[in-house]
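The next block holds one structure in the form of structure tokens; read it before the comments.
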Amino acid sequence: MINLSKEDVKQIFTMQDAIEADKAALAQYSKGLANVPLRTNIDVPESNGQALFMPGYVQGDESALGIKIVSVYPDNINKGLPSVPATMIVMNPETGIVDGIIDGTYLTQLRTGAVQGAATDLLARQDAKIGALIGTGGQAESQFEAMITVRDLEEVRIFDIDFSRAQAFANEMTDKYSVKARAVETSEACVTDADIITTVTTSKRATFDAQFVKQGAHINGVGAYTKEMCEIPREMIKRADVVIFDTMDGVLGEAGDFIQPLEDGYITEDAINGELGQLINGDIKGRTNDEEITIFKTVGSAVLDVVTAAKIFKAYKMEHGIEL
Numbered sequence: 001m002i003n004l005s006k007e008d009v010k011q012i013f014t015m016q017d018a019i020e021a022d023k024a025a026l027a028q029y030s031k032g033l034a035n036v037p038l039r040t041n042i043d044v045p046e047s048n049g050q051a052l053f054m055p056g057y058v059q060g061d062e063s064a065l066g067i068k069i070v071s072v073y074p075d076n077i078n079k080g081l082p083s084v085p086a087t088m089i090v091m092n093p094e095t096g097i098v099d100g101i102i103d104g105t106y107l108t109q110l111r112t113g114a115v116q117g118a119a120t121d122l123l124a125r126q127d128a129k130i131g132a133l134i135g136t137g138g139q140a141e142s143q144f145e146a147m148i149t150v151r152d153l154e155e156v157r158i159f160d161i162d163f164s165r166a167q168a169f170a171n172e173m174t175d176k177y178s179v180k181a182r183a184v185e186t187s188e189a190c191v192t193d194a195d196i197i198t199t200v201t202t203s204k205r206a207t208f209d210a211q212f213v214k215q216g217a218h219i220n221g222v223g224a225y226t227k228e229m230c231e232i233p234r235e236m237i238k239r240a241d242v243v244i245f246d247t248m249d250g251v252l253g254e255a256g257d258f259i260q261p262l263e264d265g266y267i268t269e270d271a272i273n274g275e276l277g278q279l280i281n282g283d284i285k286g287r288t289n290d291e292e293i294t295i296f297k298t299v300g301s302a303v304l305d306v307v308t309a310a311k312i313f314k315a316y317k318m319e320h321g322i323e324l
């Protein structure tokens, strides 16, 4: 059985590869070719833990089968162990046999950055030069990498509620990638005149003010994934010309950014254009001019995990001359 670590994956699979994998996954999902059951959560009270099981199967040209297991064990930190370990089990859809496993933590970071990159590639202005990244947690680097992969950005501004953390992250990104990252002290300074805005936090209130966002900007909401969390200002949603989700069921069932203003009657579902897969498949329109404001919201889906994992294994086998 093949066991791929983060470093193994990075050697054979680029962010651009992951972006194309996510596009393929969502295209199949929007065609109705994916079976993604609801997540199963199992509490383990005696250990103050919880195990989450997220299976998925995709038919057609992007055939893929697997299950991601994520454990949430806060007390692990006292044992010198990760508090949220994750593992992706990759299965052969033709035989049902397990091909191997992948570091699930890195896979999640990779496919989450990539789905934002896919949306940014399809919705942001082609001449985008200034990026804005709000939040510097575990998902932040892949979000940064995805933005600079799909657009030739001159600068990415970094904002975090802890300015010293923003500075450290900006310095690290500038050293690691060939794009200037600059820490700023306010969200206003971060988003003003930015062409691409990505917010990746677990905030329960909007992380920036809609009035400072310019016409033509593209906005990615990545972090909020519960009904209580809310990163994108509701005023921004009403002002936007195009609003697209990774999956309708996922966002409308989990993301407070949209659930709250919908329940309040501030917006209606008419404000939502559809899914990114529908845009990829040519079933809906995205940006039609450089002045439109576009929004993409993602809460993630197992379809992204299983398709990306399958493509990683295919790349690994080709690299090592293993029969596909």
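Take the sequence shown: its position 277, counting from 1, is numbered 277 in this note's numbering, and each next residue is one higher. From the three backbone atoms N, C-alpha and C, an ideal C-beta is built for every residue, glycine too.
Collapsed DSSP secondary structure at residue i in the structure displayed
i      : result
Met236 : helix
Arg39  : coil
Gly117 : helix
Asn171 : helix
Thr149 : helix
Glu275 : strand
Thr136 : coil
Gln126 : coil
Ala210 : helix
Asp8   : helix
Met91  : strand
Pro85  : coil
Tyr57  : strand
Ser203 : coil
Glu319 : helix
Ala224 : coil
Ile161 : coil
Ser178 : coil
Phe313 : helix
Asp296 : Note that residue 296 is Phe in the sequence shown here, rather than Asp. Note: Phe296 maps to strand in three-state DSSP.
Between the CA atoms of residue j and residue i - distance to the nearest angstrom
i      : j      : result
Ala321 : Leu81  : With the sequence shown as reference, residue 321 is identified as Gly, and Ala is not the correct amino acid for it. Those two C-alpha atoms are separated by around 35 Å.
Glu231 : Leu262 : 15 Å
Gln28  : Gly250 : 16 Å
Lys180 : Ile97  : 46 Å
Gly274 : Val243 : 7 Å
Glu319 : Val9   : 11 Å
Phe258 : Ile237 : 8 Å
Asp121 : Leu279 : 12 Å
Thr105 : Ala86  : 5 Å
Arg286 : Val70  : At residue 286 the sequence reads Gly, which differs from the Arg that was named. Rounded to whole angstroms, Gly286 to Val70 spans 34 Å at the Cα level.
Phe13  : Asp175 : 21 Å
Ser178 : Gln211 : 31 Å
Lys297 : Ala168 : 27 Å
Pro74  : Glu46  : 13 Å
Thr40  : Glu7   : 29 Å
Glu160 : Leu110 : Note that residue 160 corresponds to Asp in the displayed sequence, not to Glu. One C-alpha to the other measures close to 21 Å.
Ser5   : Arg234 : 40 Å
Ile2   : Ile89  : 10 Å
Ser142 : Ile130 : 17 Å
Glu323 : Ile148 : 34 Å
Asn220 : Thr198 : 5 Å
Leu52  : Gly60  : 27 Å
Gly56  : Leu38  : 10 Å
Val72  : Val44  : 10 Å
Asn48  : Ser83  : 11 Å
Ile134 : Val222 : 10 Å
Leu153 : Gln126 : 10 Å
Proximal residues to residue i (C-beta, below 6 Å), its chain only, five neighbours per side dropped
i      : result
Ala128 : Arg151, Asp195 and Ile196
Gln215 : Glu291
Glu228 : Lys204 and Gly256
Met173 : Phe144 and Ala181
Ala34  : Gln28, Val58 and Val303
Glu188 : Phe212
Thr192 : Phe212
Ala206 : Pro233
Phe245 : Val251, Glu275 and Lys297
Close-in-space but distant-in-sequence residues of the same chain around residue i (CB under 7 Å, 5 per side omitted)
i      : result
Thr226 : Glu254 and Gly256
Ala170 : Ile158, Ala181, Arg182 and Ala183
Ser63  : Pro93
Glu185 : Phe163
Ile102 : Leu4, Val9, Met88, Val90, Ala309 and Ile312
Val36  : Gly56, Ser301, Ala302 and Val303
Presumed contact (8 Å Cβ cut-off) between residue i and residue j, rounded CB distance
i      : j      : result
Val200 : Ala140 : 6 Å
Thr308 : Ala18  : 6 Å
Lys112 : Gly300 : For clarity, residue 112 is Thr in the given sequence; the question names Lys instead. Yes, Thr112 and Gly300 are in contact; Cβ-Cβ is about 6 Å, under 8 Å.
His218 : Ala310 : Between Ala310 and His218 the Cβ distance is about 29 Å, and since that is not below 8 Å, they are no contact.
Gln42  : Met54  : Residue identity differs from the one stated: residue 42 is Ile in this sequence, not Gln. About 12 Å separates the two Cβ atoms, so there is no contact after all.
Leu107 : Asp270 : 36 Å between Cβ atoms; not a contact.
Thr202 : Arg165 : Not a contact, Cβ separation roughly 15 Å.
Residues near residue i by beta carbon distance below 8 Å, same chain, minus five either side
i      : result
Asp283 : Ser30 and Gly274
ask   = For the 8 Å Cβ check, are there 3 or more pairs between the stretch 260-267 and the stretch 280-300?
value = Contact between the stretch 260-267 and the stretch 280-300 is absent, because fewer than three Cβ pairs lie under 8 Å.
ask   = Hey, is the stretch 15-22 in contact with the stretch 113-125, meaning 3+ C-beta pairs nearer than 8 Å?
value = Output reads yes: the stretch 113-125 touches the stretch 15-22.
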